[in-house]
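A.B. asks: Numbered by our numbering, the letters in the sequence shown go through residues 61 to 169 in order.
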Amino acid sequence: FPRRSLSLGVHIRAMMGDNSSLQGPGLEELQQLAAQLPKQVTAFYAGDERFAGQWLTDFQRAKGAWEVCVEALRPGPLPTCDEELMQEFCAQTLARLARSFASRFNQQA
């Protein structure tokens, strides 16, 4: 999946543009998440639930998870099994974040 993670980083850089003053995760943090996500999803499905599972759980709580997942899903269906698994995880992450949106919004108000 390395070629897609590089592409994901490029999409994130373009998405951020000159908006680095906005609240939320910075470009470097988003790039780190984007680079690690495919590796951790592959490791998890290969049987490394203990370490990769914790990283993936932490990822879902990270401030940049929404942005990284949106960019990972942007290209549409991908050709390899590992890429499909990553997109499935991203879709689940976005669904989880969307379900918690109302409670997060009320807490910040």
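The beta carbon of each residue, even a glycine, is placed where N, CA and C say it ideally should be.
DSSP on S163, reduced to helix/strand/coil?
C.D. replies: helix
A.B. asks: Can you give me the start and stop residues for the alpha helix (DSSP H) that K99 sits inside?
C.D. replies: Its alpha helix (DSSP H) spans residues L87 to Y105.
A.B. asks: Applying the criterion that 16 or more other CB atoms from any shown protein chain within 10 Å of the CB defines a buried residue, is T117 buried or exposed?
C.D. replies: exposed
A.B. asks: Using CA atoms only, rank isn't needed, just tell me which of A132, R134, R121 and E131 is closest to L157.
C.D. replies: The residue with the shortest Cα to Cα distance from L157 is R121.
A.B. asks: DSSP state of L138, grouped into three classes?
C.D. replies: coil
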